[in-house]
Amino acid sequence: MRPRILMIYTGGTIGMIENPDTRALEPFDFDHLLDNVPKLKMLDFDIDSYQFEKPIDSSAMNPEHWGAISKVIGDNYDRYDGFVVLHGTDTMAYTASALSFMLEGLDKPVIITGSQLPIGEVRTDGEENLIAAIQVAAARNRDGSPKVREVAILFQNYLLRGNRSTKHSADDFDAFKSNNYPPLANIGLDITYNRDALRKDYSEKPLTLHYDMDTSVVYLELFPGMTKETVSHILNAPGLKGVVLKTFGAGNGPNVDWFLDALKEAISRGIVIVNVTQCPNGKVMPERYQTGLEMTRAGVVSGHDLTSEAAITKLMYLFGLGMSRDQVRRGMQVSLRGELTSD
Ligand code: ASP
Numbered sequence: 027m028r029p030r031i032l033m034i035y036t037g038g039t040i041g042m043i044e045n046p047d048t049r050a051l052e053p054f055d056f057d058h059l060l061d062n063v064p065k066l067k068m069l070d071f072d073i074d075s076y077q078f079e080k081p082i083d084s085s086a087m088n089p090e091h092w093g094a095i096s097k098v099i100g101d102n103y104d105r106y107d108g109f110v111v112l113h114g115t116d117t118m119a120y121t122a123s124a125l126s127f128m129l130e131g132l133d134k135p136v137i138i139t140g141s142q143l144p145i146g147e148v149r150t151d152g153e154e155n156l157i158a159a160i161q162v163a164a165a166r167n168r169d170g171s172p173k174v175r176e177v178a179i180l181f182q183n184y185l186l187r188g189n190r191s192t193k194h195s196a197d198d199f200d201a202f203k204s205n206n207y208p209p210l211a212n213i214g215l216d217i218t219y220n221r222d223a224l225r226k227d228y229s230e231k232p233l234t235l236h237y238d239m240d241t242s243v244v245y246l247e248l249f250p251g252m253t254k255e256t257v258s259h260i261l262n263a264p265g266l267k268g269v270v271l272k273t274f275g276a277g278n279g280p281n282v283d284w285f286l287d288a289l290k291e292a293i294s295r296g297i298v299i300v301n302v303t304q305c306p307n308g309k310v311m312p313e314r315y316q317t318g319l320e321m322t323r324a325g326v327v328s329g330h331d332l333t334s335e336a337a338i339t340k341l342m343y344l345f346g347l348g349m350s351r352d353q354v355r356r357g358m359q360v361s362l363r364g365e366l367t368s369d
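Counting the sequence shown from 1 gives a position; this note's numbering is that position plus 26.
So this is what it looks like as structure tokens:
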């Protein structure tokens, strides 16, 4: 049987063209995209496509869009062997993280890709990314099972676990990195899969979609000189439930009373505060320095080596499930979809 692939086009540079008046790139429609990749017809796969009514620049993505993408995957789950989501690069790592949580029990490939240059441009990276993404979505083991059974980002030379990825360059073709987890595959002359890194803990349960993402969350990114007023303003935002605290180095923050008191006070009001590092690479080790230890004592939860994209979408997901504060605190510290390494 020829593999059946559903391409879901959400927008992003890959399908954009230049507006002749403003010269700015704007989303165009999918027919244009297919016209520019005649090579797709050379693949021995059955490829169908789904286009959102209004393709968007991914900087406008929100949880409703994630829900819409999940629904298309859920509605077509039994009809296709794999899914390719075409998406802008700006928020691709957020969508990949969110989908990994929203699609519980996923057992088929969901490969997200896009490009830095529109597909109609001569030097585009979009054609290679798209074709490789389709090949990965169609790849099977000898026994017929899919090679990839998780949400992944394919960009340039790598296939990366979606909830471990971060956009690290605004202009390189090699735009994504997974700093705390090895690539799932190398995209070179061959596509070489890294069996040890690919997700293996499949559940027997059917795919379950979780649409409710609770957006009562915020980032609080520390910097030297941050004022008490700013911290207090953020922690007292109406309805706030969860905070991703982006700390220095191995999970450190200022060990001054006003700061620790502000954290304690917010935690006593039921807010969950998760410690992730501002460093692109490595994890928080909150007990390594006195400053980190004080935050742990104040009730801040370790986010281990979570990316900030995975941390904030995971908070949305856990609160969206209707979990209590203690359940969310526990859930943030264990791996649900391979998003973190706990010690
Ligand atoms: N602004 C674009 C987007 O994220 C950038 C891109 O696709 O690379 O939709």
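Think of the CB as a built atom: it goes at the ideal place given N, C-alpha and C, for glycine as much as any other residue.
What you are looking at is a predicted structure, and each value in this text was computed from that prediction instead of being measured.
By Cβ distance below 6 Å, which residues in the same chain neighbour residue i in space, the five residues on each side in sequence not counted?
i    : result
A223 : P208 and L210
M246 : Residue 246 is actually Leu in this sequence, not Met. If we look at L246 and ignore the five residues flanking it on each side, its Cβ neighbours are I260, V269 and L271.
K254 : W284
G152 : I40, S141 and I145
G346 : D238, M239 and D240
Y103 : L233
A292 : L261
N205 : P306 and N307
Could you check the C-alpha separation between residue i and residue j for me, to the nearest Å?
i    : j    : result
P89  : L51  : 24 Å
V111 : S123 : 13 Å
A178 : R187 : 5 Å
T367 : R49  : 45 Å
A337 : G37  : 25 Å
W92  : S294 : 32 Å
G348 : D72  : 40 Å
F274 : K267 : 23 Å
V174 : D352 : 33 Å
G277 : V326 : 10 Å
G308 : R356 : 21 Å
F127 : H236 : 8 Å
P22  : D74  : This structure does not reach residue 22, given that the chain is present from 27 up to 369, and the question cannot be answered.
L362 : V63  : 37 Å
M358 : S328 : 8 Å
L341 : L233 : 21 Å
L32  : F109 : 5 Å
R105 : N220 : 27 Å
I34  : V302 : 32 Å
I286 : V354 : Checking the displayed sequence, the identity of residue 286 turns out to be Leu instead of Ile. The straight-line gap from Cα to Cα measures roughly 21 Å.
K67  : G251 : 57 Å
D107 : K97  : 16 Å
F199 : S350 : 42 Å
F78  : K290 : 44 Å
G170 : R28  : 11 Å
V136 : Y343 : 19 Å
D101 : K80  : 20 Å
V298 : S191 : 24 Å
T256 : K203 : 31 Å
Might you give, ordered along the chain, the residues of its own chain that have their beta carbon closer than 8 Å to the beta carbon of residue i, omitting 5 neighbours on each side?
i    : result
A201 : T115, Q142, F181, Q182, K193, H194 and S195
I217 : A158, Q161, V162, A165, L185 and A211
P46  : none
E313 : L319 and T322
M311 : A276, G277 and G318
R149 : L143
S242 : G265, L266, K267, G268 and F345
N155 : I40, T139, G140, S141, L180, F181 and Q182
Residues in the same chain with beta-carbon distance under 7 Å from residue i, minus the five sequence neighbours each way, listed in chain order, please.
i    : result
E44  : L51
D57  : none
Y228 : D133 and R175
H113 : T36, G38, S84, T121, I138 and G140
T117 : S84, S85 and M87
S258 : A288
R225 : R175, E176 and G364
G131 : S229, K231, P232, L233 and T234
M42  : L51, E52, P53, F54 and P144
Sort out for me which residues DSSP pairs residue i with in a bridge.
i    : result
L366 : Per DSSP, none; premise fails for L366.
S75  : M33
P372 : Any answer about residue 372 is impossible in this case: the structure gives the chain only from 27 up to 369.
I17  : Residue 17 lies beyond the stretch modelled for the chain, which goes from 27 to 369, so this question has no answer here.
Y219 : A211
V310 : In the DSSP output, where bridge partners are listed per residue, V310 has none listed.
M42  : P53
N301 : L271 and S328
I99  : None, per the DSSP bridge assignment.
R187 : A178
L278 : In the sequence as displayed, the identity of residue 278 is Asn instead of Leu. N278 pairs with F274.
E130 : T234
G246 : Here the sequence assigns Leu to residue 246, which means Gly is not the residue at that position. Note: L246 sits in a beta bridge opposite L271.
F109 : L32 and V136
Using a Cβ-based criterion (distance less than 7 Å to any ligand heavy atom), does residue i qualify as near the ligand SAM?
i   : result
D83 : Summarising the ligand content, the structure contains the ligand ASP and does not contain the ligand SAM.
Q. Using 8 Å as the threshold, is the stretch 302 to 320 in touch with the stretch 276 to 288, meaning 3 or more CB pairs across them?
A. yes
Q) If you pair each beta-carbon of the stretch 326 to 342 with each one of the stretch 118 to 134, do three or more pairs fall below 8 Å? A) yes
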